[in-house]
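Everything on this sheet refers to the single structure shown next.
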Amino acid sequence: MVDLKKDVKYVKGVGPNRVKLLNKLNIFTLGDLITYYPRGYEDRSKPKNMLECIDGEEALIEAIVVNRMTEIRLKGKTMYKLQVRDESGIGTAIWFNQSYLKNKFQVGKKYKFYGKISNAFGKITIQSPVFDEEEKNNNTGKIIPIYPLTYQLSQNVLRKIIENGLKEVEGGLQETLPSYLLEEYHLQNLQQAMKHIHFPNEFKDFTIARKRLVFEELLSTQLALLELKNMSLTEGNGIAFHEEAKMSDIIHQLPFRLTGAQRRVLEEIDTNMESPRAMNRLLQGDVGSGKTVIAMCAAYKAVKSGYQAAIMAPTAILATQHLENFQKMLANTGIRVELLISGITKKKKEDILHRLANGEIDILIGTHAIIEDNVVFSKLGLVVTDEQHRFGVKQRTRIVEKGQNPDVLVMTATPIPRTLALILYGDLDISIIDELPPNRKKVDTFAVSKKMEDRINNFIREQIKEGRQAYVVCPLVEENEEMDLKSVEKLYEKYKKEVFPDYRVEYIHGKMKPKEKDEIMTKFKAGGIDVLISTTVIEVGVDVPNANIMVIEDAERFGLAALHQLRGRVGRGEYKSYCILKYEGKGEVVRKRMKVMCETNDGFVISEKDLELRGSGDFFGTMQHGLPEFKIANLFEDMEILKSVQSVAIKIMSDDPKLEKEKNKLLKDLIKDKFMKRIEI
Ligand code: ADP
Ligand code: MG
Numbered sequence: 002m003v004d005l006k007k008d009v010k011y012v013k014g015v016g017p018n019r020v021k022l023l024n025k026l027n028i029f030t031l032g033d034l035i036t037y038y039p040r041g042y043e044d045r046s047k048p049k050n051m052l053e054c055i056d057g058e059e060a061l062i063e064a065i066v067v068n069r070m071t072e073i074r075l076k077g078k079t080m081y082k083l084q085v086r087d088e089s090g091i092g093t094a095i096w097f098n099q100s101y102l103k104n105k106f107q108v109g110k111k112y113k114f115y116g117k118i119s120n121a122f123g124k125i126t127i128q129s130p131v132f133d134e135e136e137k138n139n140n141t142g143k144i145i146p147i148y149p150l151t152y153q154l155s156q157n158v159l160r161k162i163i164e165n166g167l168k169e170v171e172g173g174l175q176e177t178l179p180s181y182l183l184e185e186y187h188l189q190n191l192q193q194a195m196k197h198i199h200f201p202n203e204f205k206d207f208t209i210a211r212k213r214l215v216f217e218e219l220l221s222t223q224l225a226l227l228e229l230k231n232m233s234l235t236e237g238n239g240i241a242f243h244e245e246a247k248m249s250d251i252i253h254q255l256p257f258r259l260t261g262a263q264r265r266v267l268e269e270i271d272t273n274m275e276s277p278r279a280m281n282r283l284l285q286g287d288v289g290s291g292k293t294v295i296a297m298c299a300a301y302k303a304v305k306s307g308y309q310a311a312i313m314a315p316t317a318i319l320a321t322q323h324l325e326n327f328q329k330m331l332a333n334t335g336i337r338v339e340l341l342i343s344g345i346t347k348k349k350k351e352d353i354l355h356r357l358a359n360g361e362i363d364i365l366i367g368t369h370a371i372i373e374d375n376v377v378f379s380k381l382g383l384v385v386t387d388e389q390h391r392f393g394v395k396q397r398t399r400i401v402e403k404g405q406n407p408d409v410l411v412m413t414a415t416p417i418p419r420t421l422a423l424i425l426y427g428d429l430d431i432s433i434i435d436e437l438p439p440n441r442k443k444v445d446t447f448a449v450s451k452k453m454e455d456r457i458n459n460f461i462r463e464q465i466k467e468g469r470q471a472y473v474v475c476p477l478v479e480e481n482e483e484m485d486l487k488s489v490e491k492l493y494e495k496y497k498k499e500v501f502p503d504y505r506v507e508y509i510h511g512k513m514k515p516k517e518k519d520e521i522m523t524k525f526k527a528g529g530i531d532v533l534i535s536t537t538v539i540e541v542g543v544d545v546p547n548a549n550i551m552v553i554e555d556a557e558r559f560g561l562a563a564l565h566q567l568r569g570r571v572g573r574g575e576y577k578s579y580c581i582l583k584y585e586g587k588g589e590v591v592r593k594r595m596k597v598m599c600e601t602n603d604g605f606v607i608s609e610k611d612l613e614l615r616g617s618g619d620f621f622g623t624m625q626h627g628l629p630e631f632k633i634a635n636l637f638e639d640m641e642i643l644k645s646v647q648s649v650a651i652k653i654m655s656d657d658p659k660l661e662k663e664k665n666k667l668l669k670d671l672i673k674d675k676f677m678k679r680i681e682i
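At position 601 of the sequence shown the residue is numbered 602 (our numbering), and the sequence of numbers has no breaks.
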């Protein structure tokens, strides 16, 4: 068997310089090398006639060299020109600064050229083509893999190195999947798959190879997550919170009745908290479904059991909002709640840290500030992170490490379809609030074209006159934050000068300092701004009950989940609320997506549809963090494989929870590696 851990420097063709370049691509071992998969392929196997090529097309030309190569000097460059002829006519191959080509070609001999063809009214140029003599197939005559690359390392060089790597493993690659799976799911063996993923003879080869590799990658991730979950199920070293610390005591004091879904979820959490195993639970619930009160009840139980609780929110204003809510709800309980954000004075901070370490604070609510090393709890028993997709896993882990196996509750407002939840959060138990509090008014949503702008603006004017406020969300600019800034400023100018000169218009964007952002949001919340122009920074759940209009510019650029999140900013008060999606509607998919938004307010329905319709922005646009890194699988394109993998994984795990059976030995080995990294999810 070959040793895949062997340093890549021992592979033929890899010298000291290339080692460095390969390392930059995260290729350190032979195994890394052969699992550096192509991002695409070029078919260099089917020749075309020169004159039939479209301008700009890359193509394979078989042509006879007509003249000796000529050399032309242009400003600091040398161009090499070669006249060639095929059945359809005459063309010119050109290269720059490649003097070694000078004596490469024999007049009258046939060669194969592959490169970009420019066709200027029948005048054909082949630009910097790769080539082979007629009977050779080094650079042409086959399907060629294209790798994601950094500069300096060329496709040709990397291809050659990978080819050498594959030669080394030929016949000696250890199969990684048990044979019963290969048979049952018609999967190719690893040896073949590895060869064909790099060098397919035909396109269908790579489809077959890819399926096997994707299956393996998804299966190992899914199994690892499930095993992680099984382990925490059996580990008994978490905290058993007290039965006598009754959540119902605080629930009775709430100003509203909990919804059925909230009660069910609290029941799940309660049971979990009382058991000696550590809770690792994801709480999913649409915007406005009432997750805060759940966090509060859990914190109440922790405190009444003699522990402290930490609540982490992604922004200062959200943390402050939580503080206010907690203080209100816990008013008569004697529970001491404090806020730790970077904006507080040094003195205040020192005081908080001091009391926290002494156990004189029961619940600490805060931002990233509570992760810092100098924040020490005396007895941390519960960690809640809100809107967790904004936190990296590392941040979550760091706060958890401040206690001894505290219970963890991760809350998210991003509805996740079941299939994805299982692969993203397979190690967590999942609770879902699938019901909104009563008397919630549906946000009326309209998808409109730009032509209706005036009418929309008049409508907004009317609402502002009545005392309401509006959000206007800028088009999503993917490039960078500078561009984001420009787009928000441009829109601001337009609204301030042209559209609503009589109203108070302001803007907010991601590049502002957290303090500035908080100031603007606080002012908006206090009613000091009529129209707030914003990038998607407002997405995170600040409550402004008086704001009842959400306008989203170029809505077609947003993923459905993002639109849904944004819409969740309105409809939080007593007023009838509206969401206006301005879009430029061409494709059918765009229209369908807008339609979904107008038809339903249910985040789960929307996320399922989003998955179905895919399209720009995507569901994961709102989930930048928290995605496992896959080498080859793509959660969208491979949804079918993912589904079958999940049912396989569940079946395997229920039959053999610790993967101890002989037939699953390979699977055990396969996920060992993932465990070491504790899966970056
Ligand atoms: P989210 O899940 O988006 O974090 P919140 O916890 O902020 O939602 O709740 C939104 C609003 O609904 C809050 O003002 C909260 O007090 C209120 N709320 C929560 N649960 C209920 C309920 N069962 N009945 C009525 N109002 C509720
Ligand atoms: Mg919330």
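Glycine included, each C-beta is placed from N, C-alpha and C at the ideal position.
Beta-carbon proximity list for residue i, same chain, < 7 Å, skipping 5 on both sides
i	result
D544	Q322, R573
C298	M248, I251, I252, L267
A94	L83, V85, F114, I127, P130
K196	L167
Q99	Y81
Distance, residue j Cα to residue i Cα
i	j	result
P146	R45	10 Å
N547	L319	17 Å
W96	I127	9 Å
K673	E59	44 Å
M80	V131	15 Å
K443	N602	7 Å
K512	C475	14 Å
I240	D408	7 Å
A303	F242	6 Å
N326	I295	12 Å
Q292	K451	It should be pointed out that residue 292 corresponds to Lys in this sequence rather than to Gln. Cα to Cα, K292 sits roughly 37 Å from K451.
I125	D133	19 Å
D555	E585	7 Å
Q254	R40	58 Å
A471	R337	36 Å
F204	R160	18 Å
G92	L561	50 Å
I530	S276	49 Å
G618	D611	Reliability fails at G618, whose pLDDT of 38 lies under 50, so the model's placement of it is uncertain and no value is given.
Y37	I642	21 Å
D33	V500	57 Å
R441	A262	15 Å
Inter-residue CB distance, residue i and residue j (contact presumed, cutoff 8 Å)
i	j	result
Y579	I550	5 Å
L383	Y308	6 Å
K110	V170	Not quite, the Cβ-Cβ distance comes to about 37 Å (not below 8 Å), so this is no contact.
M2	G173	5 Å
N665	P48	Actually they do not touch by this definition, with Cβ atoms about 49 Å apart.
P201	I144	5 Å
Own chain partners of residue i with C-beta closer than 8 Å, once the 5 adjacent residues on each side are dropped
i	result
L429	K230, N281, R282, L283, V411
Y186	F216, S645, V649
N157	V131, N140
T177	L191, E217, L667, D670, L671
E88	N50
F122	none
E388	A314, P315, L319, M412, T413, A414, V541, G542
Residues near residue i by beta carbon distance below 6 Å, same chain, minus five either side
i	result
L423	Q647
Y301	I251
I366	I312, A320, H323, L324, L340
S343	A370
I55	none
H565	G604, I607
V20	K10
R399	I372
Touching by the beta-carbon criterion (3+ pairs, under 8 Å), the stretch 353-364 and the stretch 212-224: Taking 8 Å as the limit for Cβ pairs, the verdict is that the stretch 212-224 does not touch the stretch 353-364.
At least three beta-carbon pairs within less than 8 Å, the stretch 412-421 to the stretch 261-275: Short answer: they don't touch.
Three CB pairs or more closer than 8 Å across the stretch 23-32 and the stretch 65-84: Contact between the stretch 23-32 and the stretch 65-84 is absent, with fewer than three C-beta pairs closer than 8 Å.
The stretch 588-600 touching the stretch 444-463, judged by at least three CB pairs closer than 8 Å: Yes: at least three Cβ pairs fall under 8 Å.
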